[in-house]
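Down below is the structure, laid out as structure tokens.
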Amino acid sequence: MNRVSGFRRGLRAVADYVRSAPGTYVWLLILFVTTVALHHMSPDFEEDFLRQRSTNIHELSRNPLRVLITSAMWIDSGRWLPYALLYTVFHAQAERWLGTLRWLAVCVAAHVFATLISELALLKAIHDGHAPRSAVNTLDIGVSYALAGVMAVLTYRIASPWRYLYLAALAVVYGVPLAAGRTFTDFGHVLSVLIGLACYPLVRGRGKAWNPKETLAALRG
19 MNRVSGFRRG LRAVADYVRS APGTYVWLLI LFVTTVALHH MSPDFEEDFL
69 RQRSTNIHEL SRNPLRVLIT SAMWIDSGRW LPYALLYTVF HAQAERWLGT
119 LRWLAVCVAA HVFATLISEL ALLKAIHDGH APRSAVNTLD IGVSYALAGV
169 MAVLTYRIAS PWRYLYLAAL AVVYGVPLAA GRTFTDFGHV LSVLIGLACY
219 PLVRGRGKAW NPKETLAALR G
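In structure tokens, the structure reads:
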């Protein structure tokens, strides 16, 4: 009976956690459905299908609103489980802290502005001859810009001096690829982090910052 009761308590705790971040888990559910759909497509059809929902220069010039929305509903890697973990660790925490509307505002700002600015940078690179004209059809789909923005805004959730260590880790995770590869996607990720940090007005009045030292002390009793 104790094991059964413990299992039930665990299930209730998981259900409560999911209910506390509805936007995060509805989005994850959509990504699960679309990822399953991708696994039933042939490689050639999948590439064309995703390109039509991509925020590349060609599609943005035709129907920007449609592709900005649909591009955030697919994962081009076809691997859902890593995103389930990342959404639980970062998106769910941000939504629980900020509330669904403010969390969504951060996601939209990072996804939209990082996409538009990075694609404008790519367009200039094409115009200046630094990138091939075929780059207007580059596949650019996924949820990483919104994730980077949310990871950045969570900096303000952490008490000093720990927040600076977290911020340094973000700088390494997103800055090193930009320095090494200098792709428009790497540029977009760095932009997303900066946009997330610029969302500071949304975090005001959202409670005391989390102190890892206090949490460790409580766990030790």
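Quick note: the sequence shown uses my numbering, first residue 19, plus one each step.
For glycine and all other residues, C-beta sits at the position ideal for the given N, C-alpha and C.
- Shown here, W115 sits in a helix according to DSSP, grouped into three states.
- In this structure, E113 sits near T42, with a CB-CB distance shorter than 8 Å.
- Counting C-beta atoms within 10 angstroms of its own C-beta, D94 has 16 or more neighbours from the protein chains shown and is therefore classed as buried.
- Looking at the DSSP output, I176 bridges to W228.
- Looking only at V211, V85, R37 and K226, the smallest Cα-Cα distance to I176 is reached by K226.
- For V44, the uninterrupted alpha helix (DSSP H) segment begins and ends at P40 to H57.
- Closest by C-alpha distance to R222, out of L234, L29, W115 and A33, is W115.
- Sorting G193, V208 and D158 by C-alpha distance to the C-alpha of F67 places D158 at the top.
- A direct Cα-Cα distance of roughly 32 Å separates R71 from Y35.
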